[in-house]
């Protein structure tokens, strides 16, 4: 008899504990905040179009440089006005240099990677800052056996600029940057114009 009473008591205690647990879980689910999909709510994507051109005297040679490229990027929204993330780039550059008698040229495919930050100070305007590493072709302007001497190098760029975005989930943007680490003796262009499309920026 005692054993039956003990079993009944144990059964009641376990049943009560089970229902209490189920009720607590139900309340937890009812009060739990909805989960945020980071990739959907916090991350935006973009693709840029780069354009640069310059005409100047370089090491005694008249130079003309044109560059074009693309640059995919993705940003994480830390809050409503600041975002940051990685950026990749691939560019094609063509240059012509002349000493007044002959014209020398070179073409180069360059690539890079870096990090950027953006401050969105209104619905349509933003500030862009970027630090990247680029692997690209450069020339000192020297001529060897009738050909322009070129080499490849890694270099740093630090860009700061302002841009305009059309707004909305899918938007176009245009912005202008200045490279503060550009060598003033280089034939490269310190001012870089970019245009592109963004999603959820």
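In the numbering used here, the protein residues as written are 379 to 579.
Heads up, the beta-carbon is just placed ideally off N, CA and C, and yes, glycines get one too.
Source: prediction; values computed, not measured.
Spanning the alpha carbons of residue 567 and residue 416 requires a straight line of approximately 38 Å. Annotated three-state conformation of residue 474 is strand, per DSSP. By the Cβ-count criterion, residue 570 is buried, with 16 or more other Cβ atoms from all chains shown falling within 10 Å of its own Cβ. Taking all protein chains in view, the Cβ of residue 556 is surrounded by fewer than 16 other Cβ atoms within 10 Å, so the residue is classified as exposed. Listed in chain order, the alpha helix (DSSP H) runs fully inside the segment 444-506 amount to none, counting runs of at least 4 residues. For a cut-off of 8 Å, the C-beta gap from residue 577 to residue 541 is around 16 Å, too long to register as a contact.
Taking C-alpha positions only, residue 418 is separated from residue 461 by approximately 14 Å. Between the C-alpha atoms of residue 506 and residue 523 there is a straight-line separation of about 44 Å.
The beta-carbon distance between residue 429 and residue 484, rounded to whole angstroms, is 19 Å. This is too long to meet the 8 Å contact definition.
If you look at residue 529, you'll find it in the beta strand (DSSP E) that goes 525-543.
DSSP places residue 551 in the strand class (E or B) of the three-state scheme. Within the same chain, 502, 550, 551 come within 8 Å of residue 544 by CB-CB distance, once the 5 residues on both sides are set aside.
Boundaries of the beta strand (DSSP E) harbouring residue 425: 421-436, taken from the DSSP string. The beta carbon of residue 438 sits closer than 8 Å to the beta carbons of 477, 519 from its chain, once the five residues preceding and following it are set aside; these are given in chain order. Comparing C-alpha distances from residue 528 to each of 558, 482, 496 shows the shortest one belongs to 482. Residues 430, 469, 471 of the same chain have their beta carbon placed closer than 6 Å to that of residue 445, with the five preceding and five following residues left out of the count.
Around residue 423, the same chain offers 452, 577 as residues with beta carbons nearer than 6 Å, after the five sequence neighbours per side are excluded. With respect to residue 521, residue 539 sits apart: the two C-beta atoms are not nearer than 7 Å.
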